[in-house]
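Novice: Everything in the sequence shown is counted per the working numbering, starting at -18 for the first residue and increasing by one.
Backbone N, C-alpha and C fix where the C-beta goes; we use that ideal spot for every residue, glycine too.
Being a predicted model, the structure only gives us computed values, none of them experimental.
Input: one structure, supplied below.
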Amino acid sequence: ISPQAHVDYRVFGAVPLEIYLQARDPKFLELGKSFADKQWETTTPDGITAEAASALATAHAVGYAHGRLTPESVLIDISGTVRIIGFAVDAALAGLPPGPIDGDVTDLGALLYAGLTGRWPGRTPSPRVPTAPFEGGRVLRARQVRAGVPTPLDAVCDQVLTSEGRGSHTRTAYDLTTA
């Protein structure tokens, strides 16, 4: 197996989740690398997060959780196609127990936050994206880190990433497909 090979889960409509090994396609770029290279436009974080959330919502519906979603486990190509790699494998390799589905939802909120700010507030560190600033044990709001973050997206990040998020809480990956 090539060092570039990764386990990839795919969902095809109503067909059950399929697991197979796939070599990383060179046309796809890790979001972690795109953050580091400043290649992710501020107009696309919500769309990319919604695509990742849609894939995770389908996996969650059949009982699978990623367990350790980071910017490095989300790939995107120039057309905007999103792939998620490392389902359960990334968590296992990091010595983490099987991940809860709500942990994936928190990581999706962290993905949106990172796309808006260039900082990672996720549950596990990202080797390429700087850690988000915290104050009093809680992550600063996205609009406190970067000027110009749209208020609705800042609110989604706050709802997902903090236990005392204002307003209604986003509780599922599906909620993030429409947030």
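1. Kindly indicate which three-state DSSP category I59 falls into: helix, strand or coil?
2. Using only alpha-carbon positions, find the residue among P81, G96 and D85 that is nearest to D156.
3. In whole angstroms, give me the CA-to-CA distance for S171 and P26.
4. Can you look up T167 in the DSSP assignment and give me helix, strand or coil?
5. Restricting to Cα atoms, I'd like to know which of H47, S54 and A113 is closest to R127.
6. Count the other C-beta atoms from every protein chain shown that fall within 10 angstroms of the C-beta of S54, then say buried if there are 16 or more, exposed otherwise.
7. Can you tell me which residues form a DSSP beta bridge with V86?
8. G96 and T30 look like a contact to me (Cβ under 8 Å); what is the Cβ gap, rounded to whole Å?
9. Within its chain, find whatever has a CB closer than 7 Å to the CB of L142; leave out the 5 residues flanking it on each side and keep chain order.
10. Please work out which residues of its chain come closer than 7 Å, Cβ to Cβ, to T158, disregarding the five sequence neighbours upstream and downstream, and give them in chain order.
11. From V63 to E11, what does the alpha carbon distance come to, in whole angstroms?
12. Specify, as a first and last residue, the run of the alpha helix (DSSP H) that A38 falls within.
13. Only counting the same chain, and skipping five residues up and downstream in sequence, which positions put a Cβ closer than 6 Å to that of H41?
14. In the DSSP assignment, find the alpha helix (DSSP H) that holds L50 and state where it starts and stops.
15. Could you pull the DSSP bridge partners for F115 from this structure?
16. For L134, count neighbouring Cβ atoms within 10 angstroms of its own Cβ and tell me buried if that reaches 16, exposed if not.
Specialist: So, to answer that:
1. In the sequence shown, the residue the question calls residue 59 occupies position 78. Correct three-state label for I59: coil.
2. In the sequence shown, residue 156 corresponds to position 175, counting from 1. Here the closest residue by C-alpha is D85.
3. Coverage of the chain is limited to positions -18 through 160, which leaves residue 171 absent and any answer about it impossible.
4. Nothing in the structure corresponds to residue 167, since the chain is present only between -18 and 160.
5. Locating residue 127 in the sequence shown gives position 146, counting from the first residue. Here the closest residue by C-alpha is A113.
6. As a position in the sequence shown, residue 54 is number 73, starting the count at 1. When all chains shown are included, S54 counts as buried.
7. Translated into positions along the sequence shown, residue 86 becomes position 105. Bridge partners of V86: none, in fact.
8. Position 115 of the sequence shown holds residue 96. Position 49 of the sequence shown holds residue 30. The pair is a contact, with the Cβ atoms about 7 Å apart (cut-off 8 Å).
9. Looking up residue 142 in the sequence shown gives position 161. T87, G90, A91, Y94, P102 and V120.
10. The residue given as residue 158 occupies position 177 in the sequence shown. Only residues of its own chain outside the window of five on either side were considered, and among them A31, A34, S35 and A38 have a CB closer than 7 Å to the CB of T158, listed in chain order.
11. Numbered from its first residue, the sequence shown carries residue 63 at position 82. Numbered from its first residue, the sequence shown carries residue 11 at position 30. Cα to Cα, the separation comes out at about 10 Å.
12. One-based indexing of the sequence shown puts residue 38 at position 57. Unbroken alpha helix (DSSP H) run through A38: P26 to A42.
13. Numbered from its first residue, the sequence shown carries residue 41 at position 60. So the qualifying residues of the chain are I82 and A154.
14. Taking the sequence shown and counting its residues from 1, the one referred to as residue 50 is at position 69. Unbroken run through L50: none, as it is neither H nor E.
15. Position 134 of the sequence shown, counted from the first residue, corresponds to residue 115. Bridge partners of F115: V120.
16. Locating residue 134 in the sequence shown gives position 153, where the first residue counts as 1. By the neighbour-count rule (16 or more Cβ atoms within 10 Å), L134 is buried.
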